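First residue of the sequence shown: 1, per UniProt numbering; consecutive thereafter.
A quick write-up on the structure given underneath.
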Amino acid sequence: MYLKRLDDDHYLVFMYAQAMRAVENDKFSILDTIRESTSKQNFPLTLSIGIAYGGADLTKLADQAQSNLDLALGRGGDQVVVRAQDEEARFYGGKTNPMEKRTRVRARMISQALQELMNQSDAIFVQGHHQPDMDSIGACMGIRRIAQMNQKVCYIILDRNDVHSDVQRLLNSLKDYPEINDAIITPDEALAKMTKQSLLVMVDHSKPSLSISPELYHQLENRVMIIDHHRRGEEFPENPMLVYIEPYASSTCELITEMFEYQSQESEPINKIEATAMLTGIFIDTKSFSLRTGSRTFDAASYLRSAGADSVQMQQFMKENVDSYLQRNHLIELVTFVNEDMAVIAGEEDEVYDSVTAAQAADDLLNMSGVDASFVITKREDGRIGISARSMGEINVQVIMEKMGGGGHLSSGATQIADSTVTEVKEQLVAILKAQTDDQPASAS
1 MYLKRLDDDH
11 YLVFMYAQAM
21 RAVENDKFSI
31 LDTIRESTSK
41 QNFPLTLSIG
51 IAYGGADLTK
61 LADQAQSNLD
71 LALGRGGDQV
81 VVRAQDEEAR
91 FYGGKTNPME
101 KRTRVRARMI
111 SQALQELMNQ
121 SDAIFVQGHH
131 QPDMDSIGAC
141 MGIRRIAQMN
151 QKVCYIILDR
161 NDVHSDVQRL
171 LNSLKDYPEI
181 NDAIITPDEA
191 LAKMTKQSLL
201 VMVDHSKPSL
211 SISPELYHQL
221 ENRVMIIDHH
231 RRGEEFPENP
241 MLVYIEPYAS
251 STCELITEMF
261 EYQSQESEPI
271 NKIEATAMLT
281 GIFIDTKSFS
291 LRTGSRTFDA
301 ASYLRSAGAD
311 SVQMQQFMKE
321 NVDSYLQRNH
331 LIELVTFVNE
341 DMAVIAGEED
351 EVYDSVTAAQ
361 AADDLLNMSG
371 VDASFVITKR
381 EDGRIGISAR
391 SMGEINVQVI
401 MEKMGGGGHL
411 SSGATQIADS
421 TVTEVKEQLV
431 AILKAQTDDQ
441 PASAS
């Protein structure tokens with residue numbers, strides 16, 4: 001093995017394939033060793049590694065290794081990405097929540113860069129992921145307000161027939177705000193309005209396949225900006241103009257709220273409904289400020305509250321109907337345990353469940369004593385099988401969901417599987433969970 005120090009915090013390693021297989025079989029326990037030995041100090045250190053192999057072209061190998069390292073860092077660091085060219089990546093580590101390390105300087109630079117992109121565009125289009133939650137729609141409303149502050153037209157892309165009850169209540173409230181309500185358009189309307197000089201802002205996701213309008217992304221793939229707080233996955237836009245991905249943030253609404261400070265003070269500030277929607281997005285994504293909550297989260301919440309966010313209206317948005325309440329309780333009755341700290345729920349094969357109901361059931365399971373991770377498997381309206389995964393942070397559900405084609409956060413993940421049954425998906429999930437449990441002693445050594 002050859003090791004060369006490039007600068008203060010970068011190293012270059014060459015090794016034989018046999019050595020790589022050995023450390024991979026050990027699950028790269030060096031990550032745990034470094035983290036645990038330095039956590040006793042005031043400034044704990046983590047290690048991020050990108051490994052490439054295969055092929056004889058060293059330049060391509062180096063580029064691939066750097067790409068893998070960028071992916072590891074984009075996912076929050078403290079992990080290893082191993083990938084050969086044209087093969088799927090393998091992930092190791094990522095067991096801890098990333099430390100909050102973004103700065104006000106970066107937020108200001110991103111805000112200024114966004115302003116420049118908007119000024120170079122004839123129109124702005126913003127879209128979240130399909131079946132948007134409050135963080136997604138709140139972020140869209142925030143970007144629309146920033147566009148208005150820069151005297152630019154901005155459209156929010158949304159399928160009004162594919163929203164959850166909380167977002168539907170918000171949309172009903174927007175009837176009193178015609179300037180916002182009229183800015184919400186369908187994917188087909190967006191395709192008709194866009195030009196080659198339009199700017200597309202993707203919020204609360206970075207996978208084009210998850211966009212409300214993948215077609216619009218393909219039309220504007222070279223004029224795309226991404227603002228997200230989820231860890232980056234393998235699927236990612238090839239030529240984004242600007243990327244602002246911060247896994248340290250609680251929500252996308254938090255990131256966008258920070259940008260308001262750097263807009264012109266002469267422009268019209270955010271209004272009550274915008275502030276309320278964005279604060280609701282933060283509140284839901286942090287589980288009432290209990291998960292992924294840093295000092296910047298409270299700063300953003302304070303700003304939105306001072307801008308007029310209505311706590312009573314927030315509660316109105318978050319209310320659930322009787323049917324979903326009863327359905328969630330029924331799901332919880334079906335809980336089984338893979339081991340003492342992993343709970344799994346498999347819904348009825350012939351019953352369709354709302355994805356929000358499944359996610360709420362997964363959240364509720366974490367309130368049970370001894371449960372560190374929960375997984376809820378249900379049939380969706382589109383016929384696919386969905387899994388909502390949650391954890392207290394000790395178990396990385398993102399990595400587990402990625403093995404099943406999904407993704408997410410350390411403590412929150414999901415996936416959707418086509419052409420399968422609830423029983424088949426449960427068997428696949430349980431096999432992965434048992435394999436991970438068997439691997440834990442080796443990774444801790």
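Just so you know, even glycine gets a beta-carbon here, dropped at the ideal spot from N, CA and C.
All figures in this text were calculated on a predicted structure; none of them were measured in a lab.
Residue pairing for Met342: DSSP places it in a beta bridge opposite Asn339 and Ala373.
With contacts defined as CB atoms closer than 9 Å, Ile146 and Ser198 fail to qualify as a contacting pair. Here Leu216 has Phe125, Gln127, Ile157, Pro187, Ala190, Leu191, Met194 and Leu200 as same chain residues with Cβ atoms under 8 Å from its own Cβ, once five neighbours each way along the sequence are excluded. Under DSSP, His130 takes part in no beta bridge, so it has no partner. At a cut-off of 4 residues, the continuous stretches assigned as alpha helix (DSSP H) that sit fully inside the region 188-257 are 214-219. Look at the beta carbons and you see the region 410-420 touching the region 381-398: at least three pairs across the two are nearer than 8 Å. Between Met342 and Cys140, the alpha-carbon positions lie close to 35 Å from each other. In this structure, the beta-carbon distance from Asp204 to Pro132 falls below 9 Å.
The beta carbon of Val371 sits closer than 7 Å to the beta carbons of Asp341, Ala343 and Leu365 from its chain, once the five residues preceding and following it are set aside; these are given in chain order. Using a C-beta cut-off of 8 Å, the region 272-281 makes contact with the region 172-180, since at least three inter-stretch Cβ pairs fall below that distance. The Cβ atoms of Thr421 and Glu349 lie closer than 9 Å to each other. In the DSSP assignment, His10 falls within the beta strand (DSSP E) that extends over His10 to Phe14. Within its own chain, the residues whose Cβ lies closer than 6 Å to the Cβ of Tyr353, once the five positions on either side in sequence are excluded, are Gly347 and Thr378, listed in chain order.
Taking C-beta atoms as the reference points, Phe14 and Tyr92 fail to come closer than 9 Å. It is roughly 6 Å from the alpha-carbon of Arg35 to the alpha-carbon of Thr46. For Gly413, the enclosing beta strand (DSSP E) stretches over residues Ser412 to Ile417.
Exposed is the label assigned to Met109, since fewer than 16 other Cβ atoms lie within 10 Å of its Cβ. In the structure shown, Lys40 adopts coil according to DSSP, grouped into three states.
Measuring C-alpha to C-alpha distances from Ala361 to each of Asp57, Lys403, Val82 and Ser412 identifies Ser412 as the nearest. Here Ile226 has Met202, Ser206, Pro240 and Val243 as same chain residues with Cβ atoms under 6 Å from its own Cβ, once five neighbours each way along the sequence are excluded.
Secondary structure of Phe289 (DSSP, three-state): coil. The DSSP-derived three-state label of Arg90 is strand. Fully enclosed beta strand (DSSP E) runs of no fewer than 3 residues occupy 49-51 of the region 22-78, in order along the chain. By the C-beta criterion, the region 226-235 is judged not to be in contact with the region 260-267, since fewer than 3 inter-stretch pairs fall below 8 Å. For the pair of segments examined, the region 399-412 was found to touch the region 425-435: the number of CB pairs separated by less than 8 Å reaches three.
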